[in-house]
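Note that the protein sequences, when read in sequence, are chains A and H.
Take any residue in the first sequence, count from 1 to its spot, add 163: that is its number in this note's numbering.
Take any residue in the second sequence, count from 1 to its spot, add 163: that is its number in this note's numbering.
No residue lacks a Cβ here, since even glycine has one placed at the ideal position from N, Cα and C.
In what follows, a single structure is set out as structure tokens and then discussed.
Number of protein chains: 2
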Amino acid sequence: MTALTDLFTYQKDTEALGQIAGRLGWDQETMMPRGAADQRGEEMAAIESVLHARRTDPRIGDWLAAAEGESLSEVDAAQLRHIRRSFERASRVPADLASELARVTSVAQGHWAEARGKDDFASFAPVLARVVALRQQEGQALANGGDTYDALLEDYEPGATAVQLEAMFAEMRPRLVELRGKVLEKPAPAGLSGTFGEAEQMAFTAKLALAFGYDLSRGRIDMAVHPFSSGSGSDVRITTRTSATDPFNCFYSTIHEVGHACYEQNIDAGYALTPLGGGVSMGVHESQSRIYENQLGRSRAFTGWMFEEMKTAFGDIGVADADAFYAAVNRVQKDFIRTESDELQYNLHIMLRFDLERALISGDLPVADLESAWNTRFKADFGYDVPKASLGCLQDVHWSLGLFGYFATYSLGNVYAGCLSNALRADVPDLDTALAAGNTAPATTWLRDKVQRHGGLYEPREVITQACGAAPTAAPLLDYIEAKFSEIYGL
Amino acid sequence: MTALTDLFTYQKDTEALGQIAGRLGWDQETMMPRGAADQRGEEMAAIESVLHARRTDPRIGDWLAAAEGESLSEVDAAQLRHIRRSFERASRVPADLASELARVTSVAQGHWAEARGKDDFASFAPVLARVVALRQQEGQALANGGDTYDALLEDYEPGATAVQLEAMFAEMRPRLVELRGKVLEKPAPAGLSGTFGEAEQMAFTAKLALAFGYDLSRGRIDMAVHPFSSGSGSDVRITTRTSATDPFNCFYSTIHEVGHACYEQNIDAGYALTPLGGGVSMGVHESQSRIYENQLGRSRAFTGWMFEEMKTAFGDIGVADADAFYAAVNRVQKDFIRTESDELQYNLHIMLRFDLERALISGDLPVADLESAWNTRFKADFGYDVPKASLGCLQDVHWSLGLFGYFATYSLGNVYAGCLSNALRADVPDLDTALAAGNTAPATTWLRDKVQRHGGLYEPREVITQACGAAPTAAPLLDYIEAKFSEIYGL
Numbered sequence: 164m165t166a167l168t169d170l171f172t173y174q175k176d177t178e179a180l181g182q183i184a185g186r187l188g189w190d191q192e193t194m195m196p197r198g199a200a201d202q203r204g205e206e207m208a209a210i211e212s213v214l215h216a217r218r219t220d221p222r223i224g225d226w227l228a229a230a231e232g233e234s235l236s237e238v239d240a241a242q243l244r245h246i247r248r249s250f251e252r253a254s255r256v257p258a259d260l261a262s263e264l265a266r267v268t269s270v271a272q273g274h275w276a277e278a279r280g281k282d283d284f285a286s287f288a289p290v291l292a293r294v295v296a297l298r299q300q301e302g303q304a305l306a307n308g309g310d311t312y313d314a315l316l317e318d319y320e321p322g323a324t325a326v327q328l329e330a331m332f333a334e335m336r337p338r339l340v341e342l343r344g345k346v347l348e349k350p351a352p353a354g355l356s357g358t359f360g361e362a363e364q365m366a367f368t369a370k371l372a373l374a375f376g377y378d379l380s381r382g383r384i385d386m387a388v389h390p391f392s393s394g395s396g397s398d399v400r401i402t403t404r405t406s407a408t409d410p411f412n413c414f415y416s417t418i419h420e421v422g423h424a425c426y427e428q429n430i431d432a433g434y435a436l437t438p439l440g441g442g443v444s445m446g447v448h449e450s451q452s453r454i455y456e457n458q459l460g461r462s463r464a465f466t467g468w469m470f471e472e473m474k475t476a477f478g479d480i481g482v483a484d485a486d487a488f489y490a491a492v493n494r495v496q497k498d499f500i501r502t503e504s505d506e507l508q509y510n511l512h513i514m515l516r517f518d519l520e521r522a523l524i525s526g527d528l529p530v531a532d533l534e535s536a537w538n539t540r541f542k543a544d545f546g547y548d549v550p551k552a553s554l555g556c557l558q559d560v561h562w563s564l565g566l567f568g569y570f571a572t573y574s575l576g577n578v579y580a581g582c583l584s585n586a587l588r589a590d591v592p593d594l595d596t597a598l599a600a601g602n603t604a605p606a607t608t609w610l611r612d613k614v615q616r617h618g619g620l621y622e623p624r625e626v627i628t629q630a631c632g633a634a635p636t637a638a639p640l641l642d643y644i645e646a647k648f649s650e651i652y653g654l
Numbered sequence: 164m165t166a167l168t169d170l171f172t173y174q175k176d177t178e179a180l181g182q183i184a185g186r187l188g189w190d191q192e193t194m195m196p197r198g199a200a201d202q203r204g205e206e207m208a209a210i211e212s213v214l215h216a217r218r219t220d221p222r223i224g225d226w227l228a229a230a231e232g233e234s235l236s237e238v239d240a241a242q243l244r245h246i247r248r249s250f251e252r253a254s255r256v257p258a259d260l261a262s263e264l265a266r267v268t269s270v271a272q273g274h275w276a277e278a279r280g281k282d283d284f285a286s287f288a289p290v291l292a293r294v295v296a297l298r299q300q301e302g303q304a305l306a307n308g309g310d311t312y313d314a315l316l317e318d319y320e321p322g323a324t325a326v327q328l329e330a331m332f333a334e335m336r337p338r339l340v341e342l343r344g345k346v347l348e349k350p351a352p353a354g355l356s357g358t359f360g361e362a363e364q365m366a367f368t369a370k371l372a373l374a375f376g377y378d379l380s381r382g383r384i385d386m387a388v389h390p391f392s393s394g395s396g397s398d399v400r401i402t403t404r405t406s407a408t409d410p411f412n413c414f415y416s417t418i419h420e421v422g423h424a425c426y427e428q429n430i431d432a433g434y435a436l437t438p439l440g441g442g443v444s445m446g447v448h449e450s451q452s453r454i455y456e457n458q459l460g461r462s463r464a465f466t467g468w469m470f471e472e473m474k475t476a477f478g479d480i481g482v483a484d485a486d487a488f489y490a491a492v493n494r495v496q497k498d499f500i501r502t503e504s505d506e507l508q509y510n511l512h513i514m515l516r517f518d519l520e521r522a523l524i525s526g527d528l529p530v531a532d533l534e535s536a537w538n539t540r541f542k543a544d545f546g547y548d549v550p551k552a553s554l555g556c557l558q559d560v561h562w563s564l565g566l567f568g569y570f571a572t573y574s575l576g577n578v579y580a581g582c583l584s585n586a587l588r589a590d591v592p593d594l595d596t597a598l599a600a601g602n603t604a605p606a607t608t609w610l611r612d613k614v615q616r617h618g619g620l621y622e623p624r625e626v627i628t629q630a631c632g633a634a635p636t637a638a639p640l641l642d643y644i645e646a647k648f649s650e651i652y653g654l
């Protein structure tokens, strides 16, 4: 078993270097002096170059070939599955294509930000066309004769296919469009009003993080422009942001990132610094962040507790009682921005992007036509016109970074969260009693046991299927959304 | 010139990875969650292993051999000098010795901390003996037939020798011992009293950092247990600490670290991420931190400004006027701890360590006898007994980390600072007028121009000699100390 030992020893250093690269990313968004950006670019390029060389080292192929012939434990077999997938994917992409993609996407992000600032998609279109062309090439190299888009998807959600996702969205779209129309005919509930100081929001956000089981001895909370979670094992950090008029932005961002972070923190410690030591896919990751944020954090029971806590922390917050607070937390409004969307409309944003990016990658949609295609589709699903590109096809950074295949995992996460929530409530019938006291432990313990602790041991759909006792479908999420918003809006 | 280009391209990534390792060290002391220590150890080991492999890559030898035959600019020749030195030193140490040293010293630090906590040198002696034995082996490998201690010294102060340092200390010791005796017969000036809140100290410390020219757009100030400066180029961070009763501890630590940080920040930007892009030696580095801290920061002129600023920031600080404040800043007291020592006694602490560690490395002093040798020497130079090991031979972490040859560079820095201060005052006769207004620019601009901007371009003694117009000697420092403390203490 020398090959196995050698491979795992080698892999451990690669994982450790990956953690370092992640921590540099965290530092860049939280601590780095603004004048250090160029130097940081060189540092990131250096460590990425080391990582790429390690991931494509031909010795990995030899070790794998020798080890795969052995009789392996379930854990070791899973480790090898991850290593082989990573090795084959890294090896299939020619080095000059990989470095051209890195170069072009790092520049494209700046062009995107500039174009968004000017609401000028046309100036960004040629840059985006170059990114699309390179990702098409990469997808073809990765697909090895298979479907190009599926090959890109594989980076974020191993095993998922566009055909599967298309069927899932086909089930979701009509029900969500219909419900959205009915809800928006009703008057919108009032929002909060009051004084929400930055320090007080950060203190409250820490209280929420602890309430959801985030372990601050192995993490920390800082402010950043965009909330995110970063790191695995015993160093999993989150960021959040405050808004003087909208404390929910801070609090629900925090609960969302805590969901991601707790997934990482709760993985079996024996998997640390191995391929099993991180969340298994973007979709499963998002299922944890979304169930923490929505099915738990935006539940009537939990918001009842949160209402009392917010009154204690902030005084008069402008809503009369727990019912009004619950309605404010779950307010549905006409808006254009995905990241600020409610549970009802969120997946409509995603399926729009999914269809458009598939058409971009297949070549059916020329990049030059993206803005008009976006606006037409938006009108069809949301019912009104996009007034400018920054509220439309320039709102997200993803495509400028070459992240095609990524958006769908957000919806997949929502669907998984719907299934998990059903199974959780079946297993823990008195969950609301605990949530109403601010006690999430029955839920988070169940999630740790059923999903989180396994890390990368099972494939994404497999871990959800095992946790729920059935293969995931969109129905539980749709039923939950329809019940919840019909009740709040009196439909 | 392909070899030169290839070598420099390769070296740039090595330097960038070195910066990353340094930033991980900063993170560990400032931001890292306490539960992440073990994982961080693995991460550090992984990047150190990458760095070691890069520094000993045989291609470096080939590139050097090809490039050294070419006609080279002064800058390129200096780059090659640094790369060759690093390559030869890294290549001379057998890999198993290097990894054994890393392993033993990482464990030894914990043993040292435990022994210091119990004031029990005997329990630490066997561990230290192992560190000494390994460093002896390493020194012999590095020396290649030359002097073992000089070979260790070369890591911190290229070109310095024990014989040179011995002569320097021989000149310093009698004059400092005599002055110390006279000063301590006089009554000690009063210290500060008042209320010095943590937030107020940190605000004042930032003001001092700016006053000394620290560029916060390329740096930041955080709290840590031990003050330090970290990083090169456009990301140079410092730490400090506060003390409720002793704000000078915070402020002069800050000015000291700002001296280190400004050296790094002021190096020619064209040298960034090359071997010339960092301070050239520990001694020259310490010359910058010490001249900022002492010859400038503890001068009568600057403390006059600082006294008024402190009254504004803290109200009544318990001293009547600028003269009393100046005396408090420069108070000489009986004490045992090097890091808390004043300008007068500091170098006595260093020469004690220098003599003892040379004897340890030569084998003349068995490790088991270190404590008694320390206590005997302390009595001879300071005039009283060491009551316990934590105030004696267990006070510093250095030897547990294998840092033999390091201490002397502190005194060398003081000596260089004495020479630089003389040359500075000859070139800028009205320096005190500016300092009395809190304006350090005439001094820091001179230091940037004469020393800092060169980075690693010249050898350590060379850059000091060029700046001062004469080779460095201890006389200017001794004359300065005698004049300053005779005046304060009325000798």
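Could you check if H617(A) is buried or exposed, using at least 16 other CB atoms within 10 Å of its CB as the buried criterion?
-> If you number the first sequence from 1, residue 617(A) lands on position 454. That one is buried.
What does DSSP give as the partner residues of R338(A) in its beta bridges?
-> The residue labelled residue 338(A) in the question sits at position 175 within the first sequence. For R338(A), which the question treats as bridged, DSSP gives no partner whatsoever.
Alpha helix (DSSP H) segment containing M386(H), residue limits = Here residue 386(H) corresponds to residue number 223 of the second sequence, with the count starting at 1. M386(H) -> not in any alpha helix (DSSP H); beta strand (DSSP E) instead, spanning I384 to M386.
Would you tell me roughly how many angstroms separate the C-alpha atoms of V346(A) and A353(A), rounded to the nearest one?
-> Against the first sequence, residue 346(A) aligns to sequence position 183. Against the first sequence, residue 353(A) aligns to sequence position 190. Looking at the backbone, the Cα of V346(A) and that of A353(A) are separated by about 15 angstroms.
Can the beta-carbon of Y643(A) be found less than 8 angstroms from the beta-carbon of S584(A)?
-> Mapped onto the first sequence, residue 643(A) falls at position 480. Mapped onto the first sequence, residue 584(A) falls at position 421. Taking 8 angstroms as the Cβ cut-off, Y643(A) and S584(A) qualify as a contacting pair.
Mind listing which residues of the stretch 387-398 of chain A have their C-beta closer than 8 angstroms to chain H's C-betas, in chain order?
-> G396, S397 and D398
Going along the stretch 350-380 of chain H in order, which residues come within less than 8 angstroms of chain A, judged by CB to CB distance?
-> D378, L379 and S380
Any C-beta of chain H under 8 angstroms from that of V213(A) | Sequence index remark: in the first sequence, residue 213(A) carries index 50 (1-based). Chain H, which has a Cβ nearer than 8 angstroms to the Cβ of V213(A), makes this yes.
For E456(H), I'd like the list of residues in its chain whose CB is within less than 8 angstroms of its CB, leaving aside the five on either flank, ordered along the chain.
-> Within the second sequence, the letter at position 293 stands for residue 456(H). Take E456(H), set aside five residues on each side of it, and the residues of its chain with a beta-carbon closer than 8 angstroms to its own are Y415, I418, H419 and G422, in chain order.
Can you grab the Cα-Cα spacing for the pair R588(A) / T405(H), in whole Å?
-> Indexing the first sequence from 1 puts residue 588(A) at position 425. Indexing the second sequence from 1 puts residue 405(H) at position 242. Using only the alpha carbons, I get a separation of about 51 angstroms.
Does any residue of chain H bring its CB to less than 8 angstroms from the CB of A179(A)?
-> As a first step, residue 179(A) is located in the first sequence; it is residue number 16 there, counting from the start. Yes - at least one Cβ of chain H is within 8 angstroms of the one on A179(A).
Assigned exposure category for N307(H) - 16 Cβ within 10 Å defines buried | Your numbering for residue 307(H) matches position 144 in the second sequence. In summary, N307(H) is exposed, with fewer than 16 beta-carbon neighbours lying within 10 Å of its beta-carbon over all protein chains present.
In chain H, what lies closer than 7 angstroms to I210(A) by C-beta?
-> The residue labelled residue 210(A) in the question sits at position 47 within the first sequence. Going along chain H in sequence order, the residues near I210(A) (Cβ under 7 angstroms) are L180 and I183.
If we count the other Cβ atoms within 10 Å of its Cβ and call it buried at 16 or more, is R266(A) buried or exposed?
-> As a first step, residue 266(A) is located in the first sequence; it is residue number 103 there, counting from the start. Per the 10 Å Cβ criterion, exposed.
State the beta-bridge partners of I401(A) as determined by DSSP.
-> For the purposes of this step, residue 401(A) is taken as the residue at position 238 of the first sequence. Looking at the DSSP assignment, I401(A) forms a beta bridge with I384(A) and S392(A).
Looking at the C-beta of E192(H), does it have a partner C-beta in chain A at a distance below 8 angstroms?
-> As a first step, residue 192(H) is located in the second sequence; it is residue number 29 there, counting from the start. No, its Cβ sits nowhere closer than 8 angstroms to a Cβ of chain A.
So the alpha helix (DSSP H) E233(H) belongs to, where does it begin and stop?
-> Translated into positions along the second sequence, residue 233(H) becomes position 70. Taken as a continuous stretch (DSSP letters only), E233(H) belongs to no alpha helix (DSSP H), as it is neither H nor E.
Same chain, Cβ closer than 6 angstroms to P410(H), neighbours up to 5 away in sequence not counted = Taking the second sequence and counting its residues from 1, the one referred to as residue 410(H) is at position 247. So the list reads F359 and Q364, once near-sequence residues are dropped.
If Y509(H) and N602(H) are in contact, beta carbons under 8 angstroms, what's the gap, nearest whole angstrom?
-> For the purposes of this step, residue 509(H) is taken as the residue at position 346 of the second sequence. For the purposes of this step, residue 602(H) is taken as the residue at position 439 of the second sequence. The pair is not a contact, with the Cβ atoms about 27 angstroms apart (cut-off 8 angstroms).
Pick helix, strand or coil for G440(A), following the three-state DSSP scheme.
-> Position 277 of the first sequence, counted from the start, is the residue given in the question as residue 440(A). Residue state, collapsed to three classes: coil.
Taking all protein chains shown into account, do 16 or more other C-beta atoms lie within 10 angstroms of the C-beta of P529(A), making it buried, or fewer, making it exposed?
-> The count along the first sequence starts at 1 and reaches residue 529(A) at position 366. Looking at its Cβ environment, which holds fewer than 16 other Cβ atoms inside 10 Å, P529(A) is exposed.
Interface residues of chain H facing D176(A) [CB-CB closer than 7 angstroms] = Stepping through the first sequence from its first residue, residue 176(A) is reached at position 13. A209 and S212, listed in chain order.
Quick one, are the C-beta atoms of L439(A) and E205(H) less than 8 angstroms apart?
-> Here residue 439(A) is taken as the residue at index 276 of the first sequence, counted from 1. Here residue 205(H) is taken as the residue at index 42 of the second sequence, counted from 1. Taking 8 angstroms as the Cβ cut-off, L439(A) and E205(H) do not qualify as a contacting pair.
Assigned secondary structure, V292(H) (DSSP; H/G/I helix, E/B strand, else coil) | Stepping through the second sequence from its first residue, residue 292(H) is reached at position 129. The question names Val, but residue 292(H) in the sequence shown is Ala. DSSP places A292(H) in helix when its eight states are reduced to three.
Specify whether the stretch 190-205 of chain H and the stretch 380-389 of chain A touch according to this definition: at least 3 beta carbon pairs, one from each stretch, less than 8 angstroms apart.
-> yes
Sorted by chain position, which residues of the same chain lie with C-beta nearer than 6 angstroms to A464(H)'s C-beta, five sequence neighbours on each side aside?
-> Here residue 464(H) corresponds to residue number 301 of the second sequence, with the count starting at 1. Result list for A464(H): D595, L598 and A599, in chain order.
Tell me whether K349(A) is buried or exposed, calling it buried when 16 or more other Cβ atoms sit within 10 Å of its Cβ.
-> Sequence index remark: in the first sequence, residue 349(A) carries index 186 (1-based). It is exposed - the Cβ of K349(A) has fewer than 16 other Cβ atoms within 10 Å.
For G181(H), count neighbouring Cβ atoms within 10 angstroms of its own Cβ and tell me buried if that reaches 16, exposed if not.
-> Translated into the one-based positions of the second sequence, residue 181(H) becomes position 18. Answer is buried; the Cβ neighbour count reaches 16.
Among A288(A), Y569(A), G619(A) and Y547(A), the one whose alpha carbon lies nearest that of A323(A) | Here residue 323(A) refers to the residue found at position 160 of the first sequence. Of A288(A), Y569(A), G619(A) and Y547(A), the residue nearest in Cα terms is Y569(A).
Leaving out five residues before and five after T219(A) in sequence, what residues of the same chain have Cβ atoms less than 6 angstroms from its Cβ?
-> Translated into the one-based positions of the first sequence, residue 219(A) becomes position 56. Closer than 6 angstroms at Cβ, skipping near neighbours: A253 and S254.
Please report how far the alpha carbon of A314(H) lies from the alpha carbon of D590(H), in whole angstroms.
-> Mapped onto the second sequence, residue 314(H) falls at position 151. Mapped onto the second sequence, residue 590(H) falls at position 427. Straight-line measurement puts the Cα of D590(H) at about 37 angstroms from the Cα of A314(H).
Does the distance from the C-beta atom of A580(A) to that of S462(A) stay below 8 angstroms?
-> Against the first sequence, residue 580(A) aligns to sequence position 417. Against the first sequence, residue 462(A) aligns to sequence position 299. It is not a contact, given that the beta carbons lie outside the stated cut-off.
Where G526(A) and V270(A) are concerned, what is the direct C-alpha to C-alpha distance, given to the nearest angstrom?
-> One-based indexing of the first sequence puts residue 526(A) at position 363. One-based indexing of the first sequence puts residue 270(A) at position 107. If you draw a straight line from the Cα of G526(A) to the Cα of V270(A), it comes to about 23 angstroms.
Inter-stretch contact at 8 angstroms, needing at least 3 Cβ pairs: the stretch 425-434 of chain H / the stretch 616-632 of chain H = yes
Beta-carbon of D201(A) versus every beta-carbon of chain H: anything under 8 angstroms?
-> Within the first sequence, numbered from 1, the residue matching residue 201(A) stands at position 38. Interface residue, yes.
Considering only the beta carbon of each residue, do G132(A) and V294(A) sit closer than 8 angstroms?
-> An answer regarding residue 132(A) cannot be provided, because it is not within the stretch 164 to 654 covered by chain A.
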